[in-house]
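Written out below as structure tokens is the structure these notes cover.
There are 2 protein chains.
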Amino acid sequence: MNSYDISLGGKLECSEAMCKSRLCQLVTGGSPDKRHKVLQRGDRLSLGDGACRKVWIILYGMAAICFGLADGRRQILGLETSGHIMCGMNNGGQNGSWIEALTETVLCEMDLASLGSPAYPGGPCRDGQRLVSELFSVIHQRLEACSAHLVTLGRLDSTERVTLFLADMANRLGRPVGQSTYLELPMTREDIADYLGLNTETISRIFSRLKKNRLVQFPSRSAITIPDLKALERRLPVDIPDFSSTSHVSSFLTAVSAPSFSRDGAHS
Amino acid sequence: MNSYDISLGGKLECSEAMCKSRLCQLVTGGSPDKRHKVLQRGDRLSLGDGACRKVWIILYGMAAICFGLADGRRQILGLETSGHIMCGMNNGGQNGSWIEALTETVLCEMDLASLGSPAYPGGPCRDGQRLVSELFSVIHQRLEACSAHLVTLGRLDSTERVTLFLADMANRLGRPVGQSTYLELPMTREDIADYLGLNTETISRIFSRLKKNRLVQFPSRSAITIPDLKALERRLPVDIPDFSSTSHVSSFLTAVSAPSFSRDGAHS
DNA sequence: CGGATTATTGAGCCAATTCAACATCGGTGG
DNA sequence: CCACCGATGTTGAATTGGCTCAATAATCCG
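Protein sequence lines correspond, in order, to chains A and B. Quick note on this note's numbering: the first sequence kicks off at 1 and runs consecutively. Quick note on this note's numbering: the second sequence kicks off at 269 and runs consecutively.
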């Protein structure tokens, strides 16, 4: 029935693996439904309706959160993959603010205004709190990513930015091939430039320089091989964000949500 | 007893006016207590303990959220005033990440790990959800500010950045004097530079140029008069964030928190 | 008043941009 | 199959915006 069931080989139950935060499960009760949206590469979803009324969790694929200035300049605020959240913006209405799919992307859309309704499983109080805890955690992650990116744009030079970008993408999308790391970037040089606050030619020049220094190879236009990822990372004055771990999130969840769970029964 | 009761003339009950989000009230039950911290100008509070375990709401004053790179470079992530939130960071541990008071500042510290305890008024379920809703809202505001700043650093040139900064500060701190707007900046040129991803000399040069063009006046080192704030804002390709309104927050609160309030009685 | 800190201004330099030419890739139709 | 075309990527030359370094000025504070 759903087109993505076919194109992705039925991988899209709202499993824990797909939706790490389990927010999607909380909202849908564990089964995929109309809240799931499929975007094809290039498809856009507006964010700037004047308030944060909806959030979207990425279940599959990769999408860019974009912001457009009045004169056409564009800044990509984040490059988001499975488990990441994106939410509505209050500003950015007139100049535009949107999500843009870089690959085929499946989202779970959540309307905040309806989250309080009795339609959600487990009762309005108990799961409501859990829901909003999860929402907090995942948005806190987004804030951390945004803060880290702010430092990148404010204080790293172009070579450092590109190096950090490659290391970050390698950690997110790469797979080991012997000693090397192989990845495919589902975006153009212009997308990379708009993410890093640079321009296309600069990206190209730095890629060429890194290639000449044998830090990266480009088997094709979109494919990248990094012979020694650790060596690349050592050139940076910042830590690479770790996307594999969500332990810091659960620590807060345990703190706020779980105790209230256990006492919930005693309370009512 | 508390030094700030004296120095600020007893203005510091945890009133709605001081803590717009009312998070502080939810946590403290409405009365100021040990959770309140007073920082003097220059005082620091570490943020990078490896996880988000605490959040701080500013009740009074102005503070900078800072991030330090291994080589000494510094980026100010945000300049926060009353009602704004700041929270722990997972990354930034080794390189440093901290809050720095720019004026005398009063904070309400909230330990996330203890928010679930029965010590909080109203019961663990009902107010727990409200608490976490408020927390979500205020952190969403922080994310919006961070996103807007990302665009500033990524796509605005130095003149635009400084102009935006002045307009933003004027909206936050300024008071009208006839047609003009008067404000005092509680920070050095270096702080401004670290906020805008520029250096001290550049800030100084742009201030001088704006002065020559009669867009601003500098009655003293820290005081600024803007003859026509609207004219200044018209030079920008972005909207000035509106800090006076919190309506977008309450819309979400109403959506998630209030319905569960009303059904809470029926449920238990 | 004196010393330290902070701010301003100038000269020269370098990194990143702009503009332009050319190369490569992917897709389409003859 | 290959020729063609548009889109994307690369490279070079010239320009410029912002930085570094350095000297001077203003301000703060004991």
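For each residue, glycine too, the CB sits at the ideal point set by N, CA and C.
For the region 329–343 of chain B, the residues whose beta carbon sits under 7 Å from a beta carbon of chain A are, in order, 335, 337, 338, 339, 341, 343. Between residue 462 (chain B) and residue 342 (chain B), the C-beta spacing is below 8 Å. With respect to chain B, the C-beta atom of residue 169 (chain A) has no partner C-beta closer than 8 Å.
Check the Cα spacing between residue 450 (chain B) and each of B:468, B:487, B:464, B:373: the tightest is with B:487. Two segments are said to touch when three or more pairs of C-beta atoms, one from each, lie closer than 8 Å; by this definition the region 154–174 of chain A touches the region 211–227 of chain A. Under the criterion of beta carbons closer than 8 Å, residue 69 (chain A) and residue 406 (chain B) do not qualify as touching, at roughly 27 Å.
For the options B:504, B:408, B:378, B:357, the alpha carbon positioned closest to that of residue 326 (chain B) is the one of B:378. Chain A has a Cβ within less than 8 Å of the Cβ of residue 404 (chain B).
Closest option to residue 185 (chain A), judged by alpha-carbon separation, among A:54, A:79, A:65: A:79.
With contacts defined by Cβ atoms closer than 8 Å, residue 148 (chain A) and residue 102 (chain A) do not form a contacting pair.
Against residue 465 (chain B), the close residues of chain A are 153, 154, 155, in the order they occur along the chain (beta-carbon pairs closer than 8 Å). Residue 304 (chain B) is outside the set of residues whose beta carbon lies under 8 Å from a beta carbon in chain A. Burial is judged here by how many other beta carbons sit within 10 angstroms of a residue's own beta carbon; residue 491 (chain B) has fewer than 16 and is exposed. Sixteen is the threshold: since fewer than 16 other Cβ atoms of the shown chains lie within 10 Å of the Cβ of residue 190 (chain A), the residue is exposed.
Around residue 140 (chain A), the beta-carbon contacts reaching into chain B at under 8 Å are 320, 355, 407. Membership of residue 196 (chain A) in the alpha helix (DSSP H) is indicated by the continuous run 189–196. For residue 41 (chain A) and residue 104 (chain A), the gap between their C-alpha atoms comes out near 5 Å. At a cut-off of 8 Å between beta carbons, residue 358 (chain B) contacts chain A.
Contact between residue 320 (chain B) and residue 366 (chain B) does not hold, since their C-beta atoms are separated by about 14 Å, which reaches or exceeds 8 Å.
Under the three-state reduction of DSSP, residue 375 (chain B) is assigned to strand. Following the DSSP letters along the chain, one finds residue 165 (chain A) inside the alpha helix (DSSP H) bounded by residues 158–173. For residue 106 (chain A), none of the residues of chain B pass the 9 Å Cβ criterion, the least Cβ distance being about 23 Å. Closest by C-alpha distance to residue 353 (chain B), out of B:474, B:403, B:501, B:314, is B:403. A direct Cα-Cα distance of roughly 16 Å separates residue 419 (chain B) from residue 142 (chain A). Here the C-alpha atom of residue 100 (chain A) lies approximately 21 Å from the C-alpha atom of residue 170 (chain A).
For residue 419 (chain B), the secondary structure class from DSSP, reduced to helix, strand or coil, is helix. Scanning chain B for C-beta atoms nearer than 8 Å to the C-beta of residue 143 (chain A) yields 355, 407, 410, 411, 414, reported in chain order. A Cβ of chain A is located within less than 8 Å of the beta carbon of residue 418 (chain B).
For residue 207 (chain A), the uninterrupted alpha helix (DSSP H) run begins and ends at 200–212, by DSSP.
Put simply, of A:39, A:161, A:146, A:54 the residue whose alpha carbon is nearest the alpha carbon of residue 207 (chain A) is A:161. Pairing residue 172 (chain A) with residue 234 (chain A), the inter-Cα distance amounts to about 18 Å.
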